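In this text, residue positions in the sequence shown follow my numbering: the first is 3, and each later residue adds one. No residue lacks a Cβ here, since even glycine has one placed at the ideal position from N, Cα and C. What you are looking at is a predicted structure, and each value in this text was computed from that prediction instead of being measured. In what follows, a structure is listed as structure tokens, so that the remarks can point back to it.
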Amino acid sequence: TKLKSCGLCRLVHYCSVEHQEQDWPEHQLTCKGMAKGAPKPSPGKKVPKPKQQLNPSQELLRRHLVEAMRCAKAGDRAGEANAFLQLGNAYFALSQVDQAVEYFEKLLAIALELGDRSGEGAAYGNLGNAYDSLGQFERAVQYHEKHLAIALELGDRSGEGKAYGNLGNAYDSLGQFERA
């Protein structure tokens, strides 16, 4: 089954017209097409495609959203978690850290559900980096410590190094230079 997309921004995808109509009151508040003064779609009427193409960042986000929805529909929780990781990383790279946190938390929830310790560690590390970027350094330390514990448990030397480096950065930001 082909996913339906918002006819204005083409960034949000839906599994059905009913779901799209249900989401419209919330989505219209952030829809990029609406921000450009595009007309509000009427139920049952086709909305013309926007004249502008998606920029590379928007296209990347669109692809990851489609993948997350495809995996969710297929019941592929591991694939869905990976798509959430990619979405979180993409939003983080765009400095949309609050949205990155949202997807890293979704990744964490699935990793915990599946007992995926490696995915859990990745989620904690990414959440730590996100909270560090938001200036919430104590919270960043908590997540980096959890990442470190999992990396040590799994014998993940690369993850261990990343966690130590990220902890050092967070402690430095807190002015705790001895711990850094």
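Have a look at residue i and residue j and give me their C-alpha separation to the nearest angstrom.
i      : j      : result
GLU104 : SER120 : 19 Å
HIS66  : PHE179 : 39 Å
PHE94  : VAL19  : 30 Å
GLN24  : LYS108 : 22 Å
TYR166 : ASN57  : 36 Å
GLU162 : ALA151 : 8 Å
ALA182 : SER160 : 19 Å
GLU155 : GLY77  : 29 Å
GLN55  : LYS164 : 37 Å
GLY9   : LEU62  : 18 Å
GLN144 : ASP158 : 19 Å
PRO27  : ARG64  : 20 Å
With a threshold of 7 Å on Cβ separation, who are the neighbours of residue i within its own chain once the five nearest residues in sequence on each side are excluded?
i      : result
ALA102 : GLY90, TYR93, PHE94 and ALA132
ALA85  : HIS66, GLU69, ALA70 and CYS73
GLU191 : Nothing about residue 191 can be read from this structure; the chain reaches only from 3 to 182.
ASN171 : ASP134
GLY137 : none
Taking the CB atoms as reference points, tell me whether residue i and residue j lie closer together than 7 Å.
i      : j      : result
ALA153 : GLY117 : no
SER59  : VAL99  : no
LEU169 : HIS146 : yes
HIS149 : TYR126 : yes
LEU96  : PHE139 : no
ALA142 : GLY130 : yes
Start and end of the alpha helix (DSSP H) containing residue i?
i      : result
LEU110 : 99 to 116
GLY170 : 159 to 175
CYS8   : No alpha helix (DSSP H) contains CYS8, which DSSP labels as neither H nor E.
GLY77  : GLY77 -> no alpha helix (DSSP H), and no H or E assigned at all.
PHE139 : 139 to 156
ARG119 : 119 to 135
To which residues of the same chain is residue i closer than 8 Å at the C-beta, ignoring the five residues directly before and after it?
i      : result
ASN128 : LEU87, GLY90, ASN91, PHE94, ALA102, PHE106 and LEU109
ARG79  : CYS73, ILE112, GLU115 and LEU116
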